[in-house]
Amino acid sequence: MSDIDHHLGPDGALAGALPGFQPREEQQALGRGVAEAIDAGDTLIAEAGTGTGKTFAYLLPALLSGKRVIVSTGTKTLQDQLYQKDLPLLRDALDLPRRTALLKGRTNYLCLYRTDMAEVDARFDRPGTGAQLQAIRQWAAVTDSGDISELAEVPNDAPIWGRATSTADNCLGQECPLYDDCFLMAARRRAQEADLLVVNHHLLLADMALKEGGFGEVLPSADAYILDEAHQLPDVAAQFFGVSVSSRQLQELIRDTHAEYLRDAGDQPALPDCLDVLRKAIQDFRLTLGEAGQRAAWSGLGDADEATDALIHLRAATSALAEVLETLAERGRGLENCHRRARDMASLLDRFADGETDAFVQWFETYQQAFILRLTPLDVGQQFQARMKKHPAAWVFTSATLSVNGGFGHFLERMGLDEETSTLRVDSPFDYASNALLYVPAGMPEPNSAFYTEAFIERAEAVIRASGGRAFVLFTSHRALQQAAAQLRDRLPYPVLVQGDASQNLLLERFREAGNAVLLGTGSFWEGVDVKGEALSAVIIDRLPFASPADPVAQARIDFLRRHGGNPFRDFQIPQAVIALRQGVGRLIRDASDYGVLMIGDPRLTGKSYGRLFLNSLPPMGRTRDPETVQAFLARVD
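Position 32 of the sequence shown, counted from 1, bears residue number 324 in the numbering used here, the numbering being contiguous throughout.
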C-alpha cells in the first residue's frame, strides 16, 4: 500500500483527524495521480467529481513530497479555507513541520502610506466613509497580517479600501517611508520562505509576467504547481494577458496627484488645472459610451465618431498631466510615481486607440459613472504554454469540470497543452442514480420564442411547490431573472431571494436559515456555491448556458476560429456551454445524503443532436419528462 492510500485509508491520518471521515477509492486514486506527477515532474489534467475530497487528495501528496509546492485557486474563499482550515488540519495529522504561507494580491493588504494620504486628502464621496477610515486606523494598530478580510466592520467591497490599499501603479516600493512596516512585503517574505504556498490564479499569472519581463519576482520558484478550479484558467489568462485602462485608474491618479500636490507642489497652480481638465475629459468620454451595463465591441459603438473624438481628448488630457508632472517628479517619490502612471496610462490609451488586430479584440464595459477599455487576446494557449516552459516543474490542473463528453480536448487546446498530456478522471462517489432526478419538461417552446420565459416559470413553479421551496433557479440572463422575480414573488408562499438584493454571502445565509427559500440567480451563482442538506432540494436551470451573442470576447473568438478554418459551434460554443452547465448542475448534490431534482427547461437538450453531448457530460441520474414523476420522487425522499 502506498503512503497516499494509507493516509487516505480507514487507519490513516485523515481518519483520525477528520470527524466522520470515510475512505473513498476515488480520493485515493486522485491522490496517487497527483503524487506521481509531482514525483516525476510531469503535467497532469485531473477531473474529480463532486464529493471526491479533491482538496485533501492534492494537499496530502504536496506535503509528503518534500518539495516546494505552490497551490493556486480561483477564489479568495477557497484560498482562505485551504490555509486556515485544511492545511493546518492535515499538517497536524501528519505531524509534518512543513512551513506554509498564504499570499494574496496587493489590494488585499492594508497600505499604511495610502491610509495616511487618505487622511491628508479627507474628501469622501459617501456618508460613513470617514467612520470607516477611522475603523481601519484602529485595526491597523493591532493586525499582524494587514489582510483586509480580517476587518468585518468594513466590507471588502467598500470604496474606502481603494484609498487604503495600493496597486502596482501607485505603490512607492522601497522608496515608501513606511516600507519597513509594509504588510504586503511581510507577506511576500513569508511566501519566499514557505514549503507550501497558497496563492490565486491572478497572482500566479502576474508573477509569470514579472519574471518574463525581468522585473524580479513575487513568488518563489517551485518544484510543483497545483492549480485548483482550473476550468477558470482560460478566461483568467485572457483577462490577464490583455490590456485594460479604466476610469477608476484615472480617477485614482487624479486623487493621488492632488494629495501629492498638497504635500509637495502647492506652488504649482498648473497642476490643479490639469486635473480639472482630465476629470472633465473622463466624464465627457463616459457620456459618449451610452447607457450603463454594456459589454460591447468598440466597433459596434453607436456614435463611434463622437466616442473617438472624446477618446482623443482623454488621451491628450492624460498626456498633458504627464508633461506637467515630469517637471515636478524630482520633488518627491509620490510625484514621481504619479508621473510614471500618467505616462503609462497615456500609452495604454494610445494602444487601445490603435484598434484590434487578428490577435486581440477591442471592447469596453460601462457602469453608472465608470468605464473600462480592454484589449483581450483571443488565444491564450501559446502564451500560457510559453510561460510554463520557463518554469519547469510538475503542473497539476484540477477541477470538477474539465472534460466534455468524457474528453479533455477543449481544455488542452485552450491552455496550449500537448494532446499527449496525462489525464485522469475520477467520478463522484455520490449515488446520483438514487438521489437525483433530471427533469426536462415536455412541450416547451424554443428558447428564442417570446413565450419561452413564461412557460419556463410556469413549469419551474410546479417543481418549486413540489419541493416545498428549497430551490435554486439559475438563469442565463438578467432579463429572464427579473421577469421571474416579479412573477414568483407574488405567486409563491416561500421566501424569494433575488440576486442583487443583497450580497451573495448574505443571500446564501438567508437561504440556509429559511429552510424553504427560493433563490433566483445568474452568473456567480452557477459555481462555487455550496448548500448542503435539506435547504436545497431542486436546481432549476432556464437555458443551456451558451455565451451571449452580444458578448464581444465570445463573438470575436467565434470569428477568429472561423477565419482560421475551425468550427466555432463545435470547438468552442458547445464545450464552453457544457462546462458551464456542469458547474450549475453541481450545486444540487453536495453531500452523500443530499437528494433532489434537476430541471433543465431548454428543449434543445433532447431536441437537438448536440444535446447528447450535454446529457453524456452530466452525472448518471434518472431522467423524466413527466411532472408527476417529479412530484412522486420529491414526495418519496421528503
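Here a beta-carbon is modelled for each residue, glycine too, at the ideal position from N, C-alpha and C.
These numbers were taken from a predicted model, which means no experiment stands behind them.
Limits of the unbroken alpha helix (DSSP H) element including residue i
i	result
isoleucine 546	539 to 556
glutamate 317	317 to 332
tryptophan 453	453 to 456
glycine 888	No alpha helix (DSSP H) holds glycine 888; the beta strand (DSSP E) holding it covers 888 to 892.
valine 845	844 to 855
leucine 641	625 to 645
glutamine 677	673 to 681
glutamine 466	That residue, glutamine 466, is in no alpha helix (DSSP H); it is neither H nor E in DSSP.
glycine 380	The residue asked about is misnamed: residue 380 is proline in this sequence, not glycine. Where proline 380 is concerned, the enclosing alpha helix (DSSP H) stretches over 379 to 386.
histidine 299	295 to 299
Coil, strand or helix - residue i by DSSP
i	result
phenylalanine 507	With a pLDDT of only 40 at phenylalanine 507, under the threshold of 50, the placement of this residue in the model should not be trusted; the figure read from the coordinates follows. Phenylalanine 507 falls in the coil class under three-state DSSP.
glutamate 750	helix
phenylalanine 838	coil
alanine 423	helix
alanine 742	coil
glutamate 657	strand
threonine 344	coil
phenylalanine 935	Beyond the ends of the chain as shown, which are 293 and 930, falls residue 935; an answer cannot be given.
phenylalanine 652	strand
alanine 516	strand
alanine 830	strand
serine 759	coil
threonine 823	Looking at the sequence shown, residue 823 is not threonine but valine. If DSSP states are grouped into helix, strand and coil, valine 823 belongs with coil.
glycine 304	coil
leucine 910	coil
valine 535	strand
methionine 477	helix
isoleucine 881	coil
phenylalanine 817	helix
valine 569	helix
glycine 312	coil
serine 901	coil
glutamine 371	helix
methionine 409	helix
serine 611	helix
glutamine 774	helix
Span of the beta strand (DSSP E), counted from its first residue to its last, around residue i
i	result
asparagine 932	Limits of the chain in this structure are 293 at one end and 930 at the other, which puts residue 932 out of reach.
threonine 668	663 to 669
threonine 690	686 to 691
arginine 587	587 to 589
glycine 813	810 to 814
leucine 789	788 to 790
Which listed residue (the options) has its alpha carbon closest to that of residue i
i	options	result
leucine 678	Phe652, Val718, Gly708 and Glu328	Note that residue 678 is alanine in the sequence shown, not leucine. Per the Cα distances, Gly708.
serine 437	Arg480, Gly454, Cys463 and Pro919	Arg480
glycine 341	Ala924, Ala927 and Pro912	Pro912
alanine 338	Lys346, Gln675 and Glu819	Lys346
phenylalanine 700	Ile832, Ser909, Leu606 and Ala638	Ser909
aspartate 742	Gln543, Arg771 and Tyr731	The sequence given here has alanine at residue 742, not aspartate. Per the Cα distances, Arg771.
leucine 640	Ala747, Val535 and Ala872	Val535
alanine 763	Leu525, Glu750 and Val788	Val788
leucine 379	Leu394, Lys368, Thr457 and Thr367	Leu394
alanine 522	Val718, Gln371, Gly397 and Ala692	Ala692
leucine 351	Ala872, Arg757, Val688 and Ile850	Val688
glutamine 543	Thr407, Arg928 and Met637	Met637
arginine 625	Asp556, Leu798, Glu738 and Tyr659	Asp556
threonine 814	Glu826, Gln875 and Glu805	Gln875
glycine 914	Phe906, Ile440, Leu905 and Phe925	Phe925
alanine 776	Gly761, Ala758 and Ala752	Ala752
aspartate 843	Cys566, Gly592 and Gly735	Gly592
valine 537	Val845, Arg643 and Pro512	Arg643
aspartate 387	Gly308, Ala830 and Arg706	Gly308
glycine 899	Arg917, Tyr887, Ala884 and Leu496	Arg917
isoleucine 518	Ile871, Leu496, Thr407 and Phe533	Leu496
arginine 398	Gly301, Pro389, Arg455 and Lys377	Arg455
Residue(s) in a DSSP beta bridge with residue i
i	result
asparagine 492	Thr365
leucine 401	Residue 401 is actually tyrosine in this sequence, not leucine. In the DSSP output, where bridge partners are listed per residue, tyrosine 401 has Asp439.
threonine 335	Trp687
arginine 915	Leu730
glycine 358	In DSSP, glycine 358 forms no bridge with anything.
threonine 392	Leu488
valine 696	Gly699
*asked:* Threshold first: 3 residues or longer. Then list the beta strand (DSSP E) segments lying entirely within the region 699 to 727, N to C.
replied: You should have 714 to 718.
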